[in-house]
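Notes to accompany the following structure.
Residue numbers (the working numbering): 3 to 321.
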């Protein structure tokens with residue numbers, strides 16, 4: 003048995019969470035793990051943290067976007083004195099029951115863990131520090147936005163075609179209807195924007211909303227032009243031709259949006275599947291490496307292998 007260790011008097015890896023906005027609670031515990039066939043034990047530290055993290059998101063494809071949620075660990079020791087590496091002796095996975103936003107996101111069950119370095123321009127002695135990125139890949143579920151935003155906007159926009167059933171001579175009534183619908187769309191956008199991400203560029207959903215507003219503006223201009231045509235027959239012909247052209251434009255625009263969305267959804271789903279397959283194959287190779295080690299090093303327990311991980315030679319075979 004090992005003697006009781008005063009951990010406050012031991013070497014500390016100085017591991018911190020870099021991308022947190024707040025830490026609600028943090029608990030840590032250390033213990034010694036004996037390794038079969040070796041005199042020196044493994045120091046194992048367990049840390050449980052409840053925190054809020056920040057990450058840069060690309061919302062260009064919102065609400066069919068794919069995001070990377072990363073937790074970044076960093077050691078306070080320079081790269082010359084400490085390194086952070088993945089332990090290929092264990093599988094990095096997410097428990098679905100622990101994922102609170104499963105109703106909004108599809109999450110890959112495997113975590114993408116990579117080591118790297120972080121420069122420090124303020125230090126002349128040490129320029130690089132080790133970092134370790136733990137990334138969860140998620141795909142947004144767009145059903146909520148489709149039903150509560152896209153469908154409502156489409157119905158409001160479709161009502162704009164009702165003005166073509168009002169005689170051209172009653173241009174005041176026509177303009178009254180189209181401006182009412184336009185104001186309804188603008189008011190709806192202002193309400194919905196409170197629940198949408200605030201970014202300096204247009205998302206896919208923003209482009210659809212603006213397209214609906216521009217369409218209603220075009221209908222208002224068309225009604226105004228039709229009202230100034232003195233010949234009634236010419237005005238009615240212009241009105242029905244305009245209606246036909248606008249119907250075709252709306253159908254083509256929605257077909258265009260539909261193709262773009264379908265391509266993006268397939269692209270994002272394919273990316274998530276590739277990630278799943280990649281780490282599934284890695285898990286199979288890790289499990290195979292366990293079997294090989296059991297054969298080559300009888301008496302070694304799986305617990306020891308998980309804590310200690312693989313040797314450099316074994317890692318090369320696994321990856």
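Glycine included, every Cβ here is placed at the ideal spot set by N, Cα and C.
Can you tell me which of the options puts its alpha carbon nearest to the alpha carbon of residue i?
i           : options            : result
residue 86  : 236, 92, 15        : 15
residue 173 : 200, 21, 237, 48   : 237
residue 31  : 150, 106, 132, 7   : 7
residue 135 : 129, 114, 154, 155 : 114
residue 189 : 207, 67, 104, 155  : 155
residue 383 : 231, 289, 276, 269 : A query on residue 383 cannot be resolved here, the shown segment of the chain reaching from 3 to 321 and no further.
residue 59  : 288, 202, 293      : 202
residue 66  : 131, 292, 260      : 260
residue 192 : 176, 177, 215, 170 : 215
residue 88  : 9, 133, 57, 220    : 133
residue 143 : 232, 270, 73       : 270
residue 78  : 130, 200, 42, 170  : 130
residue 23  : 73, 194, 223       : 73
residue 235 : 90, 150, 169       : 169
State the start and end residues of the unbroken beta strand (DSSP E) segment that holds residue i.
i           : result
residue 45  : 44–55
residue 121 : 107–121
residue 35  : 22–35
residue 72  : 68–77
residue 19  : 17–19
What is the rounded straight-line gap between the Cα of residue i and the Cα of residue j?
i           : j           : result
residue 95  : residue 285 : 10 Å
residue 245 : residue 163 : 7 Å
residue 26  : residue 117 : 26 Å
residue 227 : residue 254 : 24 Å
residue 112 : residue 103 : 16 Å
residue 158 : residue 198 : 20 Å
residue 184 : residue 229 : 19 Å
residue 148 : residue 221 : 25 Å
residue 84  : residue 210 : 51 Å
residue 1   : residue 283 : Outside the modelled stretch of the chain, which goes from 3 to 321, sits residue 1, for which no answer is possible.
residue 287 : residue 13  : 34 Å
residue 34  : residue 292 : 22 Å
residue 182 : residue 213 : 17 Å
residue 281 : residue 219 : 51 Å
residue 9   : residue 42  : 17 Å
residue 243 : residue 256 : 20 Å
residue 178 : residue 258 : 30 Å
residue 171 : residue 250 : 25 Å
residue 186 : residue 57  : 35 Å
residue 290 : residue 262 : 42 Å
Taking 7 Å as the cut-off, decide whether the C-beta atoms of residue i and residue j are in contact.
i           : j           : result
residue 63  : residue 266 : yes
residue 71  : residue 138 : yes
residue 37  : residue 44  : yes
residue 55  : residue 21  : yes
residue 18  : residue 76  : yes
residue 108 : residue 141 : yes
residue 225 : residue 264 : no
residue 61  : residue 119 : no
Please classify residue i as buried or exposed, where buried requires at least 16 other C-beta atoms within 10 Å of its C-beta.
i           : result
residue 122 : exposed
residue 145 : exposed
residue 241 : buried
residue 11  : exposed
residue 180 : buried
residue 106 : exposed
residue 46  : exposed
residue 160 : exposed
residue 239 : exposed
residue 206 : buried
residue 69  : buried
residue 29  : exposed
residue 200 : exposed
residue 167 : exposed
How far does the alpha helix (DSSP H) with residue i in it reach, from first residue to last?
i           : result
residue 164 : Unbroken run through residue 164: none, as it is neither H nor E.
residue 229 : 206–230
Consider the Cβ of residue i: report whether some Cβ of chain B lies at a distance smaller than 7 Å.
i          : result
residue 65 : The structure shown contains no chain B; it holds only a single protein chain.
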